[in-house]
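Going down the list, the protein sequences come from chains A and B.
Per this note's numbering, the first sequence runs over residues 1 to 302.
Per this note's numbering, the second sequence runs over residues 1 to 167.
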Amino acid sequence: MEPLERYRPIIDEFDAFLEACRRPLGTAVRINTIKTSVERALSALDQEGVAYEQADWNPRVVRLETDSPGSTWTSFHGLTHGQEEVSAVPPVVLNPQPGERVWDCCGAPGGKATQLSALMDDTGTVVANDSNLGRISALRFNAERLGATSLAVTNQDARNYSMKPFSFDAFDRTLVDAPCSCEGTIRKNPDTLEEWSEDHIASVSGIQKGILRRAIQATREGGTVVYSTCTFAPEENEAVVQHALEAEECRLREIDIGLECSPGLTEFEGQRFDEELTNAIRIYPHQNDTGGFFVAKLEVTA
Amino acid sequence: MSNDGQQFDRLPQTPAERTIEGRASREEVLTYFEDRFGIPPEIFEDYTFWEKGAGKIWIYAGEAPTPLAIEALGMTCLRTRQEHWKPTTDFAQRFGTEASRCVIDLEHEGARRFAAGEDQDLEWDGDWGYLIAAHELAGERYPLGIGLYVHGELRSMVPKGRQRKLQ
């Protein structure tokens with residue numbers, strides 16, 4: 001928990017935050033509307049005798065009272081997919097529409113990519129990319145289990161992603177759910193902070209900047225790019241978005257998600273960020289009893 | 001020309017348009033799903049079919065040029081280039097709700113065994129070969145996957161990674 005002390009000045013109710021970080025996270029699933037409806041999935045859970053509670057902000061997100069969400073009939077049929085509640089936020093913020101071309105540049109293991117397909121009624125094109133071939137097998141497994149037929153999988157480094165394989169040259173929307181130091185997953189992985197170091201944050205921050213810049217370049221004018229991480233470190237969040245604002249043609253848009261959250265920072269440890277960053281959101285574990293997340297929504301302006 | 005297993009090639013519309021030896025055509029794939037399972041060809045209007053890997057057919061709803069060397073395109077749906085074509089478990093779950101033939105309905109215990117990958121003795125007076133196994137959950141019929149019916153036995157074809165021990 002010690003590395004989290006650096007966030008004491010920026011988090012309200014810091015003790016409640018620490019307390020929440022120590023509590024294990026409950027089990028959540030997302031209802032896969034490619035294969036079912038919310039009503040039918042809930043009836044199936046009822047018949048199985050699995051107790052649940054729907055999230056207020058999103059009826060497709062359900063908290064389950066079971067330790068093994070993978071061992072239910074609804075899971076076997078691909079009607080539900082184990083996915084942390086806050087991890088369902090970035091695709092909702094991206095708001096993809098049926099028929100669009102959408103890029104998920106760090107797509108494995110596929111929870112968000114298949115959520116994008118579901119939001120698009122499994123029509124249009126979702127290109128789910130990942131640089132790691134091993135993680136791509138998990139992505140493919142989940143895509144097929146969930147029945148996502150509009151999803152194409154590529155294996156490239158997102159930082160210099162080539163559009164060459166495709167018949168179009170820009171995406172309508174892009175999700176950058178970047179690799180990060182994962183501080184916000186501490187309730188799920190209590191040892192996530194063991195490898196924590198400022199050097200690691202600095203190096204992963206460089207990768208994140210490269211990916212976000214390429215994402216903006218690959219998205220059409222007027223299109224949307226959502227940048228998200230599951231970490232609290234401003235070096236991986238506001239600083240990355242700040243870099244994109246300076247280097248690419250884009251601006252930040254407001255986010256309205258229906259969850260308790262805090263605005264993005266305009267300053268951390270002496271570094272100042274653009275006022276626009278207050279449009280980004282920080283979701284802390286104590287606010288909604290979830291994991292932690294950072295989400296920024298960018299409009300591409302040229 | 002022979003099949004290049006490293007890239008996706010869109011299936012020819014008809015056998016007459018075939019340029020790669022042994023490749024199934026879209027028409028043959030739709031005919032197979034209709035003849036065997038009674039799945040209406042119209043439901044595939046917005047989908048394209050592709051081959052990558054020997055005989056492995058993929059179904060895709062998005063945009064893509066042919067040929068295409070990427071990791072995956074939609075989902076694998078059918079194994080061809082063998083005497084008896086074999087649909088995938090994931091295809092059966094996704095599109096098997098449209099099937100009206102060669103669907104075998106299992107009671108709870110049978111469904112449980114099928115999902116666990118176990119074989120079971122069963123009376124069935126329909127066709128032998130690959131069937132869609134289904135069961136009822138909350139008043140709806142849900143396809144479980146593909147089974148092979150021979151000599152009074154239904155063999156679960158659910159791949160190891162998809163098998164589950166359920167209540």
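Beta carbons: idealized from backbone N, C-alpha and C, even for Gly.
Cutoff 7 Å; reference residue i; Cβ partners in own chain excluding five residues on either side
i     : result
K56/B : T76, R79
G26/A : R63
W85/B : Y32, L78, R79
Candidates the options, of which the one nearest residue i by Cα
i      : options                        : result
S71/A  : G49/A, L151/A, P59/A           : G49/A
S37/A  : L18/A, G78/A, S197/A, E2/A     : G78/A
A158/A : V241/A, N288/A, K209/A, P24/A  : K209/A
A72/B  : I10/A, E84/A, V153/A           : V153/A
Q115/A : R220/A, V29/A, R6/A            : V29/A
N3/B   : K86/B, H135/B, T48/B, A54/B    : A54/B
T125/A : Q47/A, G99/A, L245/A           : G99/A
I11/A  : P234/A, P109/A, N132/A         : P234/A
T149/A : T66/B, D90/B, T19/B            : D90/B
I39/B  : L148/B, V103/B, A99/B, G152/B  : A99/B
G152/B : E136/B, G110/B, D121/B         : D121/B
G264/A : G270/A, P59/A, D274/A, E85/A   : D274/A
E19/A  : L139/A, C230/A, K164/A, R187/A : R187/A
R251/A : D191/A, E276/A, P190/A         : E276/A
CB of residue i within 8 Å of CB of residue j, strictly
i      : j      : result
I216/A : V225/A : yes
R36/B  : R101/B : yes
D119/B : R155/B : yes
S156/A : M120/A : Rather than Ser, the amino acid found at residue 156/A in this sequence is Gln. The answer is no: Cβ separation not under 8 Å.
E28/B  : P15/B  : yes
P91/A  : L175/A : yes
D104/A : N129/A : yes
F171/A : Y7/A   : no
L148/B : F114/B : no
A178/A : C106/A : yes
D122/A : A61/B  : yes
Three-state class that DSSP yields for residue i in the structure shown
i      : result
D12/A  : coil
L106/B : coil
Q6/B   : coil
I132/B : strand
T278/A : helix
D35/B  : helix
W58/B  : strand
G22/B  : coil
D90/B  : helix
I283/A : strand
Y52/A  : strand
G82/A  : strand
K164/A : coil
Cutoff 8 Å; reference residue i; Cβ partners in own chain excluding five residues on either side
i      : result
R253/A : T224, N279, K297, L298, E299
K35/A  : H77, G78, L79, L146, G147
Y52/A  : L42, L45, V62, R63, L64, E65
R135/A : A108, P109
Spatial neighbours of residue i in its chain, beta-carbon cut-off 6 Å, leaving aside the 5 residues before and after
i      : result
P87/B  : L78, I146
V103/B : I132, A134
R141/B : A134
T195/A : Before going further, note that residue 195/A is Glu rather than Thr in the sequence given. If we look at E195/A and ignore the five residues flanking it on each side, it has no Cβ neighbours.
P12/B  : R18, S25
| query | Got a sec: which bits of the region 69-85 of chain A sit with their beta carbon under 9 Å from any beta carbon on chain B, in order along the chain? | reply | Within the region 69-85 of chain A, the qualifying residues are G70, S71, T72, W73, T74, S75, F76, H77, G78, L79.
Using a beta-carbon distance cut-off of less than 7 Å, what residues from the region 80-102 of chain B approach chain A? From the region 80-102 of chain B, only D90, Q93, R94 have a Cβ closer than 7 Å to chain A.
Which residues, taken in chain order from the region 45-68 of chain A, show a beta carbon closer than 7 Å to some beta carbon of chain B? D46, Q47
Residues of the region 152-177 of chain A whose Cβ lies closer than 8 Å to any Cβ of chain B, in chain order: The residues in question are A152, V153, T154, N155, P165, F166, S167, F168.
Report task. Below 8 Å between beta carbons is the criterion; list the residues of the region 47-80 of chain B that meet it against any residue of chain A, in chain order. Result -> Y47, I59, Y60, A61, G62, E63, A64, P65, L68, A69, I70, E71, A72, L73, G74, M75, T76
Query raised in the report: Which residues, in chain order, does the region 115-139 of chain B contribute to contact with chain A at a C-beta distance below 9 Å?
Result: A115, H135, L137, A138, G139
Chain-ordered residues of the region 23-35 of chain B with a beta carbon less than 9 Å from chain A: The residues in question: there are none.
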